[in-house]
Amino acid sequence: MGSTIVDCGGGNGSLAISLANRFPGLRLIVQEREEMVAIAEANIKAHLNPNSADGTIAVEAHDFFTSQPHIGDNYTFMLRHVLHNWPDAQVVNILENLAAAAGPKSKILLIERVSGHFPVTHIQLENNAGNTAAVTTPVSLIGEQTILNSLSLMPHALTLHLLCQLNSHERTLDQWGDMIVQAGLVITGVYKLRAIVSILECRAIQT
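Going by my numbering, the sequence shown opens with residue 1148, and the numbers climb by one from there.
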């Protein structure tokens, strides 16, 4: 990674705190709206390991729809649970600003849900020949999915919530990939975490 991690839209700094406490020596910058700066600073003061070096986590006001002030290979940019709140055009705008700031060795890490298509929910016989084949319920049959596999609906239910509240949605890998390429980035790795999110590792496309 670059020498400094920039947590874009980092909220109250909780992720930066966890990383700093787990990996002493990291340098992090939490970027948030002006009204969140004091909240993040107070949270960091309360929860950062007291043995951490001065300046381990800095907090600064920044609008990620504007140009990223930290430029070059010395920075890794990170967004967690940020992009799923925005429609596609705004996601591309956010990522374009990071692509413009990133150096050839910089990484852009997107920590988000990567939705799959509806999972296999039942088995049927093929032509009564004794052979079984998995059958996936069509996406349109939401009611049947609810009956057969309610747990599988969680990310899709969240998509409906995001669609109604924010005109956004959870995305498949293909959908993420389309926006990432539009922004001038390329996916270099996808890493599934133990939680229900994945890390999409990206780099700027060099021209």
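Every residue gets a Cβ at the ideal spot worked out from N, C-alpha and C, and that includes glycine. Just so you know, these numbers come straight off a predicted model, no measurement behind them.
Run through DSSP, which three-state label would residue i get?
| i | result |
| --- | --- |
| G1156 | coil |
| L1230 | helix |
| S1200 | Per the sequence shown, residue 1200 should be read as Ala rather than Ser. Of the three classes helix, strand and coil, the one that applies to A1200 here is coil, per DSSP. |
| I1176 | strand |
| T1354 | coil |
| N1339 | Sequence inspection shows Lys at residue 1339; the Asn mentioned does not correspond to that position. Correct three-state label for K1339: strand. |
| F1212 | coil |
| S1262 | strand |
| I1334 | strand |
Could you tell me the boundaries of the alpha helix (DSSP H) in which residue i lies?
| i | result |
| --- | --- |
| A1208 | Unbroken run through A1208 is the beta strand (DSSP E), I1204 to A1208; no alpha helix (DSSP H). |
| V1184 | E1181 to H1194 |
| V1344 | From DSSP, V1344 is part of no alpha helix (DSSP H); its letter is neither H nor E. |
| I1241 | D1235 to A1248 |
| I1164 | S1161 to R1169 |
Would you kindly report the start and end of the unbroken beta strand (DSSP E) that includes residue i?
| i | result |
| --- | --- |
| V1328 | Run containing V1328: none in the beta strand (DSSP E); it sits in the alpha helix (DSSP H), L1320 to Q1329. |
| I1255 | I1255 to E1259 |
If I measure Cβ to Cβ from residue i and keep anything under 6 Å in the same chain, skipping five residues before and after, which residues do I get?
| i | result |
| --- | --- |
| I1258 | R1227, V1344 and I1346 |
| F1170 | none |
| V1238 | L1230 and M1326 |
Ordered along the chain, which non-local residues of its own chain (more than five positions away) have a Cβ less than 7 Å from that of residue i?
| i | result |
| --- | --- |
| G1250 | G1219 and D1220 |
| D1235 | M1326 |
| L1162 | D1154 and R1227 |
| I1186 | N1159 |
Could you tell me if residue i is buried or exposed, where buried requires 16 or more neighbouring beta carbons within 10 angstroms of its beta carbon?
| i | result |
| --- | --- |
| Q1178 | buried |
| D1321 | exposed |
| Y1338 | exposed |
| G1336 | exposed |
| F1212 | exposed |
| Q1353 | exposed |
| S1150 | exposed |
| L1242 | buried |
| E1317 | buried |
Could you pull out every residue in the same chain whose Cβ sits closer than 8 Å to the Cβ of residue i, ignoring the five residues on either side in sequence?
| i | result |
| --- | --- |
| A1167 | L1173, L1175, L1195, N1196, S1199, T1203 and I1204 |
| S1297 | Interpretation of S1297 is limited by its pLDDT of 43, a score under 50 that renders its predicted location unreliable; the figure taken from the coordinates is listed afterwards. For S1297, where only same-chain residues beyond five positions count, there are no Cβ hits under 8 Å. |
| N1274 | Because N1274 carries a pLDDT of 49, less than 50, the predicted location of this residue cannot be relied on, and no value is offered for it. |
| I1214 | According to the sequence as given, residue 1214 is Ser; it is not Ile. Excluding positions up to five away in sequence, the list reads N1244, A1247 and A1248. |
| I1164 | N1190, I1191, H1194, L1195 and I1204 |
| V1184 | V1206, E1207 and A1208 |
_When you compare the segment 1207 to 1222 with the segment 1325 to 1339, are there three or more beta-carbon pairs, one atom per stretch, that lie closer than 8 Å?_
no
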